[in-house]
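Comments concern the structure below.
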Amino acid sequence: MTVRIQKSFAQAVGTLYLVPTPIGNLEDMTFRAVKTLQTVELIASEDTRNTQKLLNHFEVKTPQKSLHEHNYNERIPELLAFLKNGNSIAQVSDAGMPSISDPGHELVVACIEENIPVVALPGATAGMTALIASGLMPQPFYFYGFLQRKKSIQKKELTDLKNQTATLIFYESPHRVKETIKNILEVFGNREVVICRELTKVYEEYLRGTAEELIDYLSEHSLKGECCLLVSGAVEIEAAEVFVGSLKEQVEQLIEEGQAPKEAIKTVAKRHDLKKQDVYKEYHEL
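Residue numbers (numbering that gives the first Met the number 0): 0 to 285.
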């Protein structure tokens with residue numbers, strides 16, 4: 000395998016700049032970010048209408064093209080050709096860092112494959128901003144982003160994260176945050192939780208408490224604005240249960256302990272997240 004080295008500022012082709020935008024307060028836009036938007040030949044935006052408001056505020060005249068989850072397959076070849084002709088592009092999402100729970104990653108990968116330099120600018124991002132003011136341990140942390148909406152899938156995701164000792168960072172809708180915390184309580188237990196909403200805006204608010212306390216609060220209060228949800232890491236890690244023997248031997252052991260063969264097969268299948276038919280075939284050597 001050959002190591003590929005990117006010299007970010009010594010290339011003949013154009014450059015893809017990843018430019019963070021404010022997550023609420025426009026004063027969080029950096030001087031470098033504004034200058035980059037002014038000097039590139041094109042801005043690739045998640046939503047051109049939303050970004051145009053930002054460009055108008057900072058008097059940026061650079062043209063835009065949309066790049067989002069529904070059009071990236073056809074748009075990326077066009078943008079790559081533009082970059083190869085020596086033009087530079089600034090990619091922005093509606094708020095915060097491109098690629099962090101927002102579009103962007105596909106274009107980054109495509110540029111790397113074509114040896115087009117990718118330069119990230121530092122700037123606003125909700126997860127880290129909320130973390131350092133949350134009062135929870137700032138490191139290590141585990142950024143997860145959005146959990147799945149369906150309860151059963153979300154609980155499976157949380158179960159996979161249960162033994163993480165790092166502070167967990169999620170993004171969540173204000174309409175779903177109460178149910179999500181209920182699932183967290185059920186899977187994790189009564190951990191410390193922090194909800195941060197309306198980050199950097201005039202109504203910015205941190206709600207700190209245990210999962211139970213926040214559920215009680217949310218039973219009587221509604222929230223507005225996108226939420227960053229932070230959960231303290233695990234203190235005691237549950238040891239994974241170890242099962243000895245082949246699937247057939249495990250079924251036989253349960254039968255010896257008094258389970259009916261059908262129930263024993265079901266138990267072993269559940270242990271290993273397998274279909275009952277697969278364990279049935281192993282047991283009967285089919």
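For each residue, glycine too, the CB sits at the ideal point set by N, CA and C.
Range of the contiguous beta strand (DSSP E) that encloses residue 275: Here residue 275 refers to the residue found at position 276 of the sequence shown. Residue 275 -> not in any beta strand (DSSP E); alpha helix (DSSP H) instead, spanning 275-282.
Residue interval of the alpha helix (DSSP H) (run including residue 270): Here residue 270 refers to the residue found at position 271 when the sequence shown is read from its first residue. 260-270 is the span of the alpha helix (DSSP H), which, as asked, contains residue 270.
Where residue 204 falls: helix, strand or coil (DSSP): In the sequence shown, counting from the first residue as 1, residue 204 sits at position 205. In this structure, residue 204 counts as strand in the three-state DSSP scheme.
Own chain residues within Cβ distance below 7 Å of residue 178, not counting five before or after: As a working mapping, residue 178 is identified with position 179 in the sequence shown. Scanning its chain for C-beta atoms nearer than 7 Å, with the 5 sequence neighbours on each side dropped, one finds no residue around residue 178.
Chain-order list of residues whose beta-carbon lies under 6 Å from that of residue 291 (same chain, five-residue window excluded): In the structure as shown, the chain begins at 0 and stops at 285. Residue 291 is therefore absent and cannot be evaluated.
Whole-angstrom distance between residue 86 and residue 160, CA atom to CA atom: If you number the sequence shown from 1, residue 160 lands on position 161. If you number the sequence shown from 1, residue 86 lands on position 87. Spanning the two alpha carbons is a distance of roughly 43 Å.
Residue range of the beta strand (DSSP E) that includes residue 63: Within the sequence shown, residue 63 is the residue found at index 64, counting from 1. Looking at the DSSP string, the run of the beta strand (DSSP E) that includes residue 63 is 63-65.
As assigned by DSSP and simplified to three states, the class of residue 209: Position 210 of the sequence shown, counted from the start, is the residue given in the question as residue 209. Strand, per DSSP.
CB contact flag (residue 43, residue 66, <9 Å): The residue labelled residue 43 in the question sits at position 44 within the sequence shown. The residue labelled residue 66 in the question sits at position 67 within the sequence shown. Cβ atoms of residue 43 and residue 66: closer than 9 Å.
Complete runs of the beta strand (DSSP E) confined to the stretch 129-209 [at least 3 residues]: 140-145, 166-171, 191-196 and 204-209
Whole-angstrom distance between residue 256 and residue 278, CA atom to CA atom: The count along the sequence shown starts at 1 and reaches residue 278 at position 279. The count along the sequence shown starts at 1 and reaches residue 256 at position 257. In a straight line, the C-alpha of residue 278 is about 18 Å away from that of residue 256.
Beta-carbon spacing of residue 20, residue 50 below 9 Å: Numbered from 1 along the sequence shown, position 21 holds the residue referred to as residue 20. Numbered from 1 along the sequence shown, position 51 holds the residue referred to as residue 50. Cβ atoms of residue 20 and residue 50: closer than 9 Å.
Cβ-Cβ separation, residue 227 to residue 168 (assumed contact under 8 Å), whole Å: Here residue 168 is taken as the residue at index 169 of the sequence shown, counted from 1. Here residue 227 is taken as the residue at index 228 of the sequence shown, counted from 1. Contact between residue 168 and residue 227 holds, since their C-beta atoms are separated by about 7 Å, short of 8 Å.
Three-state class that DSSP yields for residue 44 in the structure shown: Along the sequence shown, one-based indexing puts residue 44 at 45. Residue state, collapsed to three classes: strand.
Cβ neighbours of residue 22 in the same chain (closer than 8 Å, five flanking residues each side left out): Within the sequence shown, numbered from 1, the residue matching residue 22 stands at position 23. The residues are 94, 95, 123, 124, 125, 128, 198 and 199.
Cβ-based neighbour list, residue 234, same chain, cut-off 8 Å, excluding 5 preceding and 5 following: The residue given as residue 234 occupies position 235 in the sequence shown. 164, listed in sequence order.
For residue 222, the three-state DSSP class (helix, strand or coil): Here residue 222 is taken as the residue at index 223 of the sequence shown, counted from 1. Here DSSP, grouped into helix, strand and coil, assigns residue 222 to coil.
Residues that DSSP places opposite residue 95 in a beta bridge: On the sequence shown, residue 95 is found 96 positions in, with the first residue counted as 1. Per DSSP, 20.
Whole-angstrom C-beta distance between residue 246 and residue 282, which should lie under 8 Å: Within the sequence shown, residue 282 is the residue found at index 283, counting from 1. Within the sequence shown, residue 246 is the residue found at index 247, counting from 1. Their Cβ separation, rounded to whole angstroms, is 7 Å, which keeps residue 282 and residue 246 in contact under 8 Å.
Proximity of residue 105 and residue 145 at Cβ, strictly below 9 Å: Taking the sequence shown and counting its residues from 1, one reaches residue 105 at position 106. Taking the sequence shown and counting its residues from 1, one reaches residue 145 at position 146. Against a cut-off of 9 Å, the Cβ pair of residue 145 and residue 105 comes out as no contact.
Bridge partners - residue 89, DSSP secondary structure assignment: By one-based count along the sequence shown, residue 89 stands at place 90. Partner(s): 16 and 42.
N-terminal and C-terminal residue of the beta strand (DSSP E) that residue 119 is part of: In the sequence shown, the residue the question calls residue 119 occupies position 120. Residues 117-119.
Beta-carbon spacing of residue 89, residue 39 below 9 Å: Position 90 of the sequence shown, counting from 1, holds the residue named residue 89. Position 40 of the sequence shown, counting from 1, holds the residue named residue 39. In contact: residue 89 and residue 39 (Cβ atoms closer than 9 Å).
Beta-carbon proximity of residue 222 to residue 196, cut-off 9 Å: Along the sequence shown, read from residue 1 onward, the residue named residue 222 stands at position 223. Along the sequence shown, read from residue 1 onward, the residue named residue 196 stands at position 197. Cβ atoms of residue 222 and residue 196: closer than 9 Å.
Contact set for residue 102: own chain, Cβ-Cβ below 8 Å, skip 5 residues either direction: Mapped onto the sequence shown, residue 102 falls at position 103. Once the five neighbours on either side are set aside, the close Cβ partners of residue 102 are 45, 66, 67, 68, 71 and 92.
Selected residue, minimal CA-CA separation from residue 48, among 35, 62 and 37: Taking the sequence shown and counting its residues from 1, one reaches residue 48 at position 49. Selected option, being the one with the closest Cα: 62.
Cβ-Cβ distance between residue 57 and residue 33 below 9 Å: Here residue 57 refers to the residue found at position 58 when the sequence shown is read from its first residue. Here residue 33 refers to the residue found at position 34 when the sequence shown is read from its first residue. The Cβ atoms of residue 57 and residue 33 sit closer than 9 Å to each other.
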